[in-house]
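Colleague: Input: one structure, supplied below.
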Amino acid sequence: MSTDQKGTRILARTFFNQLRASGYTPHQVIGIATELLELVTTDLREGDKAVAAQPTPETTPEWQQRA
-4 MSTDQKGTRI LARTFFNQLR ASGYTPHQVI GIATELLELV TTDLREGDKA VAAQPTPETT
56 PEWQQRA
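Residue numbering for the sequence shown follows this note's numbering, beginning at -4 and increasing consecutively.
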């Protein structure tokens, strides 16, 4: 397991333990996880739109190739 995976696992476990210690039920934790996934999905989609909106030589007529 890579260092990034270990760090991610530790962070997730810590967050989970804090939620449970604060009284959140397993169903509420699932709800929070679902909301987090929705936020990440939205962020990724917006990033894809930003990349797609960037001008390229094919979509920019004034673009000239330099020798």
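Note that beta-carbon positions come from the ideal geometry of N, C-alpha and C, so glycine has one too.
Only a predicted model underlies this, so the values are computations on that prediction, with no experimental measurement involved.
(1) What separation, rounded to the nearest whole angstrom, lies between the Cα atoms of R8 and L39?
(2) For the alpha helix (DSSP H) that P21 lies in, which residues bound it at each end?
(3) What's the gap between the Cα of G2 and the Cα of Q23?
(4) Given this structure, state the Cα-to-Cα distance separating T29 from I5, to the nearest angstrom.
Modeller: According to the data block:
(1) Straight through space, the alpha carbons of L39 and R8 are spaced by roughly 24 Å.
(2) Where P21 is concerned, the enclosing alpha helix (DSSP H) stretches over P21 to A48.
(3) So the alpha carbons of these two residues sit roughly 24 Å apart.
(4) Going from the Cα of T29 to the Cα of I5 covers about 19 Å.
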